[in-house]
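Protein chains in written order, with my numbering: chain A, 2 to 285; chain B, 84 to 477. Even glycine gets a Cβ: it sits at the ideal position worked out from N, Cα and C. Let me begin by presenting the structure, written as structure tokens, before commenting on it.
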Amino acid sequence: MKVLVEVASKDISNYVGKCDALLLGLDNYSVLNTVSFSIDEIRRVILDYPEICIFVKMDKNIFNDEIEDLKKILLELNQLPIMGVFFYDISILELKQELSLSFDLVWSQTHMVTNYRTCDYYFNQGVQYALLSKEITLDEIVDICKKSSIKSIVEVVSLPSVGYSRRKLVHNYYEDSNTSGNDTLSVLEKITKKHYLVKEESAGTGFILDEALNGTSILSTLYEAGCNYILLREYGISSFLELASDTMNYVHGGCVDNSYVEKYKKLGDSTGFFFKKTIYRVKK
Amino acid sequence: MKRIELLSPAGDIERLKVTLLYGADAVYIGGEKYGLRANATNFSLEQIKEGCSFAHNLGKKVYLTLNIVFHNEDMDGVEDYIASVVDAGIDAFIVSDPFIISYIKKNFPKVEVHLSTQDSTTNYKAVEYFQKQGVDRVVLAREVSLKEIKEIIDKTGIDIEVFIHGAMCTCYSGRCALSNYVTNRDANRGGCAQVCRFSFEVPGKKDFTFATKDNNLARYIGNLIDIHVTSLKVEGRMRSLYYLATVIGTYREIIDRYYNHTLTEDILSVLEERLARVANRAVSTHYLLKEADATDQYYTGRNEASNQDYLGQVISYDSEKKLVKFYERNYFKVGDTVELFTPKGDRVSIVVSKLFDEDMNSLDVARHPDNIYYLSLDTDIAIPSYSMIRLLHH
């Protein structure tokens, strides 16, 4: 099992020795990044830090008028020694097949990567990795890791993204209320008393739970299950670099040092859906 | 040229029959498993058979939603279920999961597969991918414009289905787990709690709300026909009989009038007004003509008007006694002006002169919903069962 970090800073030297691979948002093609990179900047990162594997995040919904540019970008990425591209929009899979691109793909449809048979379907389409949904249980994750041929990536530390709209929801809120403010709004859900960040950007508006997902206690189970990567997202996580470094040491040591798990109880007790099954029928 | 299809939702067997009688060319229904309205009535296997038989006798079609985002456990038994509903006679599956698509195309190649809007398909390259996987029709994301729809059709030639009427999600379909996080109800397995209609607190400021107005493309049906859209879809498997009868009947008239060149501006305005009277939210065209903006949302939290226009559902008409027998749905009284409308689109307006209860006692007021009443009506027009009575004014 390896450690993948989604960065919140362009200073890549910060991450050297603290993870096995980096996930970099790509300008204009990824959503909810703290920072994003141009192709040239990615090329520079690869040259400067050849020891770190690079995944590129292209997880926006794509529209007709972006297809030609998308082709160009994918062909440019194909010239770089990247590990793979995280994709949401199926046009990227179509273009990879059409253009016979050599980099691996990571099926990254946020809330839809939820079973082993569909993972295997994508594997048979040439997709090597799947970023599993955060909304499934640990048992389901383990099942996918064990039963699917696809390489699994599990998000274990993050402020979880919970929805994405094409609409300019923050702008519209200000317009309706005749006020102004930041592109990111902190809101409180009244029943659960949980805070969410509503973050507007050029591609739309995302909803982020403002409470750290803490999956540090499940790493040994993932390790045993044969999970290929765990993903740590830096955005909103305090003392992140120390966490990344400790996590890499813990994982590379076989996930046996319990002091790591004890130490990171401080991240909070939110384990998302790892131990909580969702329901969908609410009446007979 | 093949005429465009009007596709209606049907939450149960009665709605299926009514909506087909009112002019839908096809209906989409949910079975007891695997559909995105886990809390709708939904159809048993026997009801699916009955619905298919009813539809096929009219030369119409039934599509079954199989569009949840499957978890491991949901895969257990899905093959048997697919075989059983194919055997029951369904004409197409509406599916979001590509594994399920490939399974159906491999094992039941004669049954159509329609890609669900849950996949939020927004471009022609994604459509090409699914076309190669054997998908027969794509239900596009509600975020695409008329121009983009046209380009997708021109470039791929695939059958395209477009939502024309009903509720809208705020987020991209499939790309929202707000319901999961706020209520623990799985949005992608039919449990969506519509958290996008909640209001959220912003310290020291007005509450943050982000609900969308409903979709209404009545004015642009001609444009959608002209660019060769295959199917026009109405949202709302949990909507009432009256709502479906009104909406489907109205769109039937718009489509037919467009084809026979009788859709004037005056008539369209009347038809739009008819749709407006059954709406419980404000409406908009969202992304069809422009990028959706502040005017396409409402900002008052959950805000749905209740509609009192629906007065009754006709059981029968006795043309000798000149009496309409009906189930009452909302209060009305002698002296009110009402309209009866039939599945074929006939309409009769009258001032209510005589009302009777089931024992033929004369009444001034019909005040008990679900009770059977009689209404005096002298007309030569056939008033079959499932005709509706609506209020014009008190």
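Thinking C-beta only, is R450/B closer than 8 Å to Y414/B?
yes
From I280/A to S399/B, what does the alpha carbon distance come to, in whole angstroms?
43 Å
Select from G207/A, Y174/A and V114/A the residue whose C-alpha is nearest the C-alpha of T383/B.
Y174/A
Does DSSP classify E7/A as helix, strand or coil?
In the structure shown, E7/A sits in a strand (DSSP, three-state: E or B).
Listed from N- to C-terminal order along the chain, which residues in the stretch 248-272 of chain B have their beta-carbon within a distance smaller than 9 Å of any beta-carbon of chain A?
Taking 9 Å as the Cβ-Cβ cut-off against chain A, the residues of the stretch 248-272 of chain B that qualify are C252, T253, C254, Y255, G257, R258, C259, A260, L261, S262, N263, Y264, V265, T266, N267, R268, D269, A270, N271 and R272.
Does any CB atom of chain B fall closer than 8 Å to the CB of R44/A?
no
Listing by chain order, which chain A residues have their CB less than 7 Å from the CB of A377/B?
By Cβ distance, chain A contributes N173, E176 and D177.
Just to confirm my understanding: we take A175/B, look at its own chain, exclude 5 residues before and 5 after, and list those with CB closer than 6 Å. What are they?
Y146, E195 and H197
Quick check: what's the CA-CA separation for V4/A versus N215/A?
Their Cα atoms are separated by approximately 15 Å.
Ignore the nearest five residues each way along the sequence and tell me which others in I47/A's own chain have a CB closer than 7 Å to its CB.
Taking I47/A as the centre and dropping the five residues before and after it, the same chain places the C-beta of I55, L81 and P82 closer than 7 Å to its C-beta, in chain order.
Taking the alpha carbon of D211/A as the point to measure from, which residue in Y50/A, Y236/A, V171/A and I63/A has its own alpha carbon closest?
The residue with the shortest Cα to Cα distance from D211/A is Y236/A.
Within its chain, find whatever has a CB closer than 6 Å to the CB of C275/B; leave out the 5 residues flanking it on each side and keep chain order.
So the qualifying residues of the chain are S262.
Whole angstroms is fine: what's the gap from D170/B's alpha carbon to L406/B's?
43 Å
Is the CB of R168/A under 8 Å away from at least one CB in chain B?
yes
Quick one: list the residues of chain A neighbouring P92/B, beta-carbon separation under 7 Å, in chain order.
Proximity of chain A to P92/B at the Cβ level (cut-off 7 Å) is not reached, the minimal Cβ distance being about 19 Å.
From what residue to what residue does the beta strand (DSSP E) around S239/A run?
It is not in any beta strand (DSSP E) - S239/A carries neither H nor E in the DSSP assignment.
Taking the beta carbon of V257/A as the centre, do at least 16 other beta carbons fall within 10 Å, making it buried, or is it exposed?
exposed
Starting from C54/A, follow the beta strand (DSSP E) in both directions and report where the run begins and ends.
C54 to M59
So that I know if they touch, is there some Cβ in chain A lying closer than 8 Å to that of Y212/B?
yes
Applying the 10 Å Cβ sphere with the 16-neighbour rule, what's the burial state of K285/A?
Residue confidence is low: K285/A scores 47 on pLDDT, short of 50, so the model does not pin down where it sits. Its coordinate-derived value is still stated next. Exposed: under 16 other Cβ atoms inside 10 Å.
Proximal chain A residues relative to K288/B, where beta-carbon distance stays under 8 Å
Result: S178 and T180.
Confirm, please, whether the CB-CB distance from M2/A to L242/A is below 8 Å.
One thing to note: L242/A has its Cβ no nearer than 8 Å to the Cβ of M2/A.
Mind checking which residues open and close the beta strand (DSSP E) that includes F439/B?
L438 to D440
List the residues that DSSP assigns as beta-bridge partners of M287/A.
Any property of residue 287/A remains undetermined from this structure, which presents chain A solely from 2 to 285.
Length of the line joining the Cα atoms of K267/A and S239/A
10 Å
Could you check whether A365/B and K296/B sit closer than 8 Å to each other, using their CB atoms as the reference points?
yes
Under a CB-based cut-off of 8 Å, is I219/A close to chain B?
Among the CB atoms of chain B, none fall inside 8 Å of the CB of I219/A.
Looking at the strands, I want to know which residues DSSP matches up with C259/B.
G164/A
Out of curiosity, what's the CA-to-CA distance linking L25/A and E99/A?
Between L25/A and E99/A, the C-alpha separation is close to 24 Å.
Could you check the C-alpha separation between E97/B and E336/B for me, to the nearest Å?
22 Å
Verify the CB distance criterion: does R234/A have a CB-CB separation below 8 Å to chain B?
no
CB of A121/B within 8 Å of CB of G217/B, strictly
Contact flag unset, no.
D180/B at chain A interface by Cβ criterion, 8 Å:
yes
Could you give the DSSP three-state label for S459/B: helix, strand or coil?
strand
How many Å lie between H311/B and D242/B at the Cα?
Each residue's CA atom was taken as its position, placing H311/B and D242/B some 9 Å apart.
Answer with yes or no whether the minimum CB distance from K296/B to chain A is below 8 Å.
no
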